[in-house]
Amino acid sequence: MRETVTGDELLQKLKIHLDQKQAKNKRFTASALARQIGILDSTLHKLLRGERKLGLHLGKQIATYLDVGFKHAPREKKPTRLPKLDPQALSEDLNWMHLAVLELLQLKGFTPTSDYVSQRLGLKEETANRILAELKNSGLLQVDERGNCVDHLSDSATAAKQFVTSKSLRQLQRDMLEKSLGALENVDYEQREHASTFTAIDPKLIPQLKKKMRAFRWEIATWINENSTEKSELYALQTHIFPITKLKSRSQN
């Protein structure tokens with residue numbers, strides 16, 4: 025049975041493995057080890073220096089290379105004390121622009137200004153200014169005197185329940201489909217991926233399929249977060265499954 029190790033133990037084994045490699049071959053480098061594992065040089069160097077946390081995807085990849093099992097223990101999040109939240113501060117339901125601005129916080133060089141937001145999202149400056157003001161007034165975006173920003177929608181399920189309604193979700197999907205069509209026409213193929221397939225299916229599988237699609241989105245988002253050395257662009261990942269044939273009623277099945 026393979027040994028199963030924690031994140032700290034896995035990193036210790038990795039360091040020992042590198043030392044052993046270098047003892048046998050003085051020209052062997054950490055970069056060479058990174059290539060053998062299949063990760064970026066910068067990722068391995070940050071791990072070895074303690075500058076990066078070991079996530080689930082990365083831990084599994086290293087554990088596979090070292091032929092050990094990996095027991096992932098996610099860090100416990102301390103409860104966040106939220107500011108007073110006010111959904112009524114939004115002039116309309118939470119839309120794609122509000123969500124996009126909150127995600128822009130992750131980009132290198134982000135500044136909470138209408139000039140920055142309008143340029144990055146292709147909005148009119150007055151629209152960008154309104155969106156920023158609404159996010160701040162609603163409590164979803166907190167900006168201190170140094171310009172440091174906190175996204176309170178992502179930090180709390182309570183916040184999400186107050187702001188994300190079924191109506192806003194439906195409108196969000198309409199808006200994102202329009203954005204997708206715009207990208208199809210205006211963005212080079214190398215910078216996007218649009219693909220569809222037809223598949224005959226037993227409708228009873230749909231609930232399970234939807235769960236798999238949600239898990240896939242989470243897996244992709246985790247992989248992106250763990251492997252992005254410099255976040256400079258904002259992308260949208262969409263998944264759809266819908267009927268092409270006219271659905272039969274249950275009594276007809």
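Numbered according to the numbering used here, the sequence shown spans residues 25 to 277. Ideal placement from N, C-alpha and C gives every residue a C-beta, glycine not left out. All figures in this text were calculated on a predicted structure; none of them were measured in a lab.
Separation of P227 from T67, as counted between CA atoms: 43 angstroms
Cross-strand partners of V188 (DSSP beta bridge): DSSP, once it has assigned bridges, lists no residue as partnering V188.
E257 versus S273: straight-line alpha-carbon distance, rounded: 45 angstroms
With 16 other Cβ atoms within 10 Å as the buried cut-off, status of G280: Here the chain comprises residues numbered 25 to 277, so residue 280 is not present and cannot be evaluated.
Neighbourhood of A207 by C-beta, 7 angstroms cutoff - its chain only, sequence neighbours within 5 removed: R216
Inter-residue CB distance, L233 and I265 (contact presumed, cutoff 8 angstroms): 6 angstroms
Classification of D91 by the beta-carbon crowding that lies within 10 angstroms, buried from 16 upward: exposed
With 16 other Cβ atoms within 10 Å as the buried cut-off, status of E75: exposed
Reduced DSSP secondary structure (H/G/I, E/B, other) of L211: Inspection of the sequence shows that residue 211 is occupied by Val rather than by Leu. Note: V211 maps to coil in three-state DSSP.
Separation of K203 from E250, as counted between CA atoms: 26 angstroms
Every unbroken alpha helix (DSSP H) inside the region 62 to 132 [4 residues or more]: 65 to 72, 80 to 90 and 120 to 128
Proximity of M237 and W120 at Cβ, strictly below 8 angstroms: no
Given 8 angstroms, three or more beta-carbon pairs between the region 136 to 145 and the region 209 to 225: no
Own chain partners of Q130 with C-beta closer than 6 angstroms, once the 5 adjacent residues on each side are dropped: K255
Option in G171, A152, Q166 and E149 with minimal Cα separation from G133: G171
Distance, G31 Cα to Q46 Cα: 23 angstroms
Beta-ladder partner(s) of V174, from DSSP: Q166
Residue from K95, L159, R51 and A124 whose Cα sits closest to the Cα of K108: L159
Straight-line Cα distance separating H41 from P103: Confidence in P103 is poor, its pLDDT being 49 and thus under 50, which makes the residue's placement unreliable; the coordinate value appears in the next sentence. The alpha-carbon atoms of P103 and H41 are separated by roughly 38 angstroms.
Own chain residues within Cβ distance below 6 angstroms of A280, not counting five before or after: As shown, the chain starts at 25 and ends at 277. That puts residue 280 outside it, with no answer to give.
Where Q36 falls: helix, strand or coil (DSSP): helix
Residue interval of the alpha helix (DSSP H) (run including A239): I230 to N251
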